[in-house]
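Residue numbers (our numbering): 134 to 379.
As structure tokens, this is what we get:
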């Protein structure tokens, strides 16, 4: 830090998620030309800025602040991290908490018509209110960068940690098309506890997907992302009778 105090970097074992909103660049480019996309950009930025703070506000006041995932919001990306374990709360499982937060964010953004892509890793990281450094962050970022479809994939170390702590029955993460990924459609984390909420949400998601598949101006790579997500959504509905019969 030039001209200031040298930061005291202390690495911790944390779970790290790097998630990116697909289509953000197109909204920005279109907004620069005026028209209704400028209003859409303002709404999207407000959503990204407020998503995690609003979710944090729902956490029980008895939960220690340092166990609530930290986050940094940069342009179209949200970076989150949480300690893997806690001496003050032995039952705390940081990777599970982080995955839950990613699912919540995914439902929120999907309800507004946006898909997520990302990576999750575990390991050493230093995370402050304004910066994040460490191998776990770099790995999560690389996973997101190398992923072509709208999934949030876990690194091999994160997958192993998940299986060791959560087992195979917890469907917050699952194997899909030869990748171990966050089940961003997990219906438990839809922010609506009224009767039929899951069914209504999935019907709305299907309409959003179909609308994007029919959009005449979408380039082929964009259409493929929506097709991939349509296949994933249909597989999740088929797997989960509760969604169908809510």
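All C-beta atoms in this analysis are idealised placements derived from N, C-alpha and C, irrespective of residue type, glycine included.
Asked                                                                                                                                                                     : Found
Would you please state the rounded distance, in angstroms, between the beta carbons of residue 251 and residue 277? I believe it to be under 8 Å.                         : 5 Å
Answer with buried or exposed for residue 182, where buried requires no fewer than 16 other C-beta atoms within 10 angstroms of its C-beta.                               : exposed
Since I believe residue 247 is in contact with residue 155 (beta carbons under 8 Å), could you give me their beta-carbon distance rounded to a whole number of angstroms? : 7 Å
My output table needs one value for residue 322: the three-state DSSP class, helix, strand or coil.                                                                       : helix
Starting from residue 204, trace the beta strand (DSSP E) both ways and give me its first and last residue.                                                               : 203-207
Write down the C-beta distance between residue 143 and residue 295 rounded to the nearest angstrom, noting that I regard them as a contact closer than 8 Å.               : Incorrect: roughly 25 Å between the Cβ atoms, too far for contact.
So what does DSSP say about residue 342, is it helix, strand or coil?                                                                                                     : helix
Could you tell me which residues DSSP pairs with residue 309 in its beta bridges?                                                                                         : 312
Spatial neighbours of residue 218 within its chain, please: C-beta separation below 7 Å, excluding the five flanking residues on both sides.                              : 225 and 227
In the structure shown, what three-state DSSP assignment does residue 238 receive?                                                                                        : helix
Do residue 334 and residue 342 have their C-beta atoms within less than 8 Å of each other?                                                                                : no
Counting pairs of beta carbons, one from the stretch 262-276 and one from the stretch 165-180, are three or more of them closer than 8 Å?                                 : no
Less than 8 Å between the beta carbons of residue 285 and residue 235, yes or no?                                                                                         : yes
So, for residue 379: in the same chain, excluding its five sequence neighbours on each side, which residues have a beta-carbon less than 7 Å away from its beta-carbon?   : Residue confidence for residue 379 is low, a pLDDT of 39 falling below 50, so the modelled location carries little weight and cannot support an answer.
If we ignore side chains and look at the alpha-carbon of each, how far apart do residue 202 and residue 370 end up?                                                       : 29 Å
Helix, strand or coil for residue 149, going by three-state DSSP, please let me know.                                                                                     : strand
Buried or exposed for residue 147, please, with buried defined as at least 16 other CB atoms from any protein chain shown within 10 angstroms of its CB.                  : buried
Compare the C-alpha of residue 361 against each of 268, 310 and 350 and name the closest.                                                                                 : 310
If the criterion is Cβ atoms closer than 8 Å, does the pair residue 287 and residue 366 meet it?                                                                          : no
Taking 8 Å as the cut-off, decide whether the C-beta atoms of residue 149 and residue 253 are in contact.                                                                 : yes
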